[in-house]
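These protein sequence lines map, in sequence, to chains A and B. Residues 494 to 614 (the numbering used here) make up the first sequence, in order. Residues 11 to 209 (the numbering used here) make up the second sequence, in order. Every residue, glycine too, gets a C-beta built ideally from N, C-alpha and C. First comes the structure, then the notes that go with it.
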Amino acid sequence: MQHEDEWFDGDAGPVVRPYALTGGLTRPSGERLDLIDMVRAVRAAGRSLPLSPEQADVLERCPIPVTLVELSADLNLPIGVLKILVSDMRDRGLVTIHRSKSAGLSDLKILQEVVDGLRRL
Amino acid sequence: MAYGGYDQGSATAVTPVTVKILVAGGFGAGKTTLVGSVSEIRPLRTEETLSERSELVDSLYGVEQKSTTTVAMDFGRITIRDDLVVYLFGTPGQRRFWFMWDDLSYGALGAVVLADERRLADCFPSIDYFERNKIPFIVAVNSFDGTQHHSLETITQALSLSGRVPVIRCDARHRASSRDVLVTLAEHAIARHHHAQFA
């Protein structure tokens, strides 16, 4: 007789496919989101809101701004899935997304503040 | 009321400026060790989902027909001020992960390429990538076994780096050493900025 639970091993891959967590949505809406963009809840989760458990988790975690990458680690959701969830929530007015500054080569003042701050570590 | 939202007035937390630094290098070069030694949090792990064609599944369209896999990435955080936070991302260096770097390096301050001098070739792909994409980077030779097999000049030559790319030694296990690596990178990024402006 077969052991039915044997199929659920690591090699079988995730049992829940990513798109099952996104309500069938397959791509984030709007502009490209960055790992260090910050998400902040506009309102608390309530029973009147039609939210998936994952979206309720997102709302709960970000009464103050939290980066996408930290939410991803915290909620154990792949970045790609999280981007879709939060862009949907933004479109529904549940969260705001603050774009990170591209400190890259553009903002000398921020670069200097980073150097000074790191030196003090 | 049990719910009804966060009052706009009461939630006055500042939204910090966030800055990215990449830590790249071959397998076992000490990326997570470096991130962990300077980060104020234990390195956290996040995952990206990719399709079998190694495309970032930012779009999940069609994933039901493709086999997907995940790539793990470790990251850490340094809060410089309430309103300025640096994120460090340890990223696998092999060429097959480059698709992920486009997203990761977008807007980044720069990158540290960690080298293990016994396996110097492991960091060629990382160097290639950052040169090609004009991202400021430095090379940090992680001398964790205490022995120095080659001089920094020899290593610079072996990596065929231009003289402007800093090559330094570090011990990624030590906070002060890892901090110095990040300071060197940030200073290099500033120097590049000046160079770009006045060249």
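- In the structure shown, residue 203 (chain B) adopts helical secondary structure according to DSSP, grouped into three states.
- For residue 170 (chain B), the closest of B:199, B:133, B:192 and B:158 by C-alpha to C-alpha distance is B:133.
- Of the residues assessed, residue 176 (chain B) falls on the buried side of the cut-off, its CB having 16 or more other CB atoms within 10 angstroms.
- Bridge partners of residue 97 (chain B) according to DSSP: B:30 and B:87.
- By the criterion of at least three beta-carbon pairs nearer than 8 Å, the stretch 539–558 of chain A is not in contact with the stretch 84–100 of chain B.
- Cβ proximity to chain A below 7 Å picks out 189, 192, 193, 196, 197 and 199 from the stretch 179–199 of chain B.
- The bridge partners DSSP lists for residue 531 (chain A) are A:560 and A:591.
- The beta-bridge partner set that DSSP reports for residue 147 (chain B) consists of B:121.
- No Cβ of chain A is located within less than 7 Å of the beta carbon of residue 41 (chain B).
- Just measuring C-alpha positions, the residue of B:195, B:84, B:123 and B:39 sitting nearest residue 49 (chain B) is B:84.
- Taking residue 185 (chain B) as reference, the option from B:40, B:44 and B:25 with the minimal CA-CA separation is B:44.
- Here DSSP, grouped into helix, strand and coil, assigns residue 555 (chain A) to coil.
- Following the DSSP letters along the chain, one finds residue 137 (chain B) inside the alpha helix (DSSP H) bounded by residues 134–142.
- In this structure, residue 155 (chain B) and residue 36 (chain B) do not form a Cβ contact; the two beta carbons are roughly 16 Å apart against a cut-off of 8 Å.
- The beta carbon of residue 604 (chain A) sits closer than 7 Å to some beta carbon of chain B.
- Under the 7 Å criterion on CB atoms, residue 90 (chain B) is classed as interfacial with respect to chain A.
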